[in-house]
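Each remark here refers to the structure printed beneath this line.
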Amino acid sequence: MTNVETAPKPIANRPDRSRVTDAESAPSMRVRIAGSPLVFRLAFLVTVLVLWMIASSTVLSSVLPSVPDTFSALGDLLTGSQFYDQMWLTVRRVLGGFAIAYVAAFAIGTAMGRSKRCEAFFELFVVTGMSQPGIFIAMIILIGLGLKESSAIIAIGYLAIPMVTVNIWQGTKRLDTDLQEMSQVFGYSRFAQFRHVILPQLAGPAITAARQAFGVAWKYVVMIELLGLSDGVGYQVNRAFQLYDLTSVIAWTIGFMIFVALFEYIALRPLERWAFLWRERPMGKFVGTKKIVNEDGADHA
């Protein structure tokens, strides 16, 4: 038999898929833009504005201020110094209460997750704290410690502790003990165990707890300022309410919500991405705190 060599097929007429024309890429780009989360967020805002305009011009025309009047008041508020001065006082109280709540909740939550005795000791505090009426506790603390900023910070921190503790507690209970034992066998130091075994597993619950702590703090700080303080965003909203100035109430509320949203996307979201960078990094063999890697990039013992 004779060997017959099959000639390669000509590739001159094959389409070059490495080059994509503008006409071909335009539909996929339009799909990506249409499916972008930003589009849906903008759609939500537009829907709220449309419903607001309809309500203010029909059934609630005698109560609800119009959109142009409200945004005019909001513009005056944001271009002046009063909003930023009052907002800074509120933020300062939120940060103080968050620091108290997060440190205490992290300590209590990890202790509850690692020890059955600690879990039994603090469980009643967490369970009752999750359902306690915040306004009652705030009143007790403000009356007991006085109507001052330190009392507000303590009240915010105390009210946020139970809710934040739950996330740390449950996250600690789900730690993989086999990984920790394996790290000990391979010679990881205590710091390396915490940095590369325990902390990555707690990153998710810790970030969730931080977001929840700030959410609780933002809500309670306005309530506490409304109850017993003489400055801050909550006080300004209460002052406008007592004057039956609904336009100012809504303007202060929108300004506060804008700041909270900016804080979420500028501070918390980047922190969350940074906390989960470990998922994309290769893990090496540690002796103490030193990672051993071959010259070609491969890890070795």
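Using full-length UniProt numbering, you'd call the opening residue of the sequence shown number 1 and step up by one each time. Ideal Cβ positions, reconstructed from N, Cα and C, are used throughout, including at glycine.
Check                                                                                              : Outcome
Whole-angstrom distance between G215 and L272, CA atom to CA atom                                  : At residue 272 the sequence reads Glu, which differs from the Leu that was named. Spanning the two alpha carbons is a distance of roughly 15 Å.
Y188 in three-state terms, based on DSSP                                                           : strand
Neighbourhood of T165 by C-beta, 6 Å cutoff - its chain only, sequence neighbours within 5 removed : A105, I108, G109 and V126
Under the three-state DSSP convention, the category Q132 falls into                                : coil
Straight-line gap, Q242 to L227 (C-alpha atoms, nearest Å)                                         : 13 Å
Alpha-carbon spacing of V254 relative to E119, whole angstroms                                     : Sequence inspection shows Ile at residue 254; the Val mentioned does not correspond to that position. Rounded to whole angstroms, I254 to E119 spans 41 Å at the Cα level.
Residue burial classification, T79 (beta-carbon count within 10 angstroms, cutoff 16)              : exposed
C-alpha distance - I266 paired with E123, whole-angstrom precision                                 : 35 Å
Exposure of Q82, with buried meaning 16 or more beta-carbon neighbours within 10 Å                 : exposed
Identity of the residue in K219, A210, R239 and V233 nearest Y84 by Cα                             : V233
Contact the stretch 129 to 146 vs the stretch 186 to 194: 3+ CB pairs below 8 Å                    : no
Close Cβ partners of G113 (< 6 Å) along its chain, the five nearest in sequence each way excluded  : W169, T172 and K173
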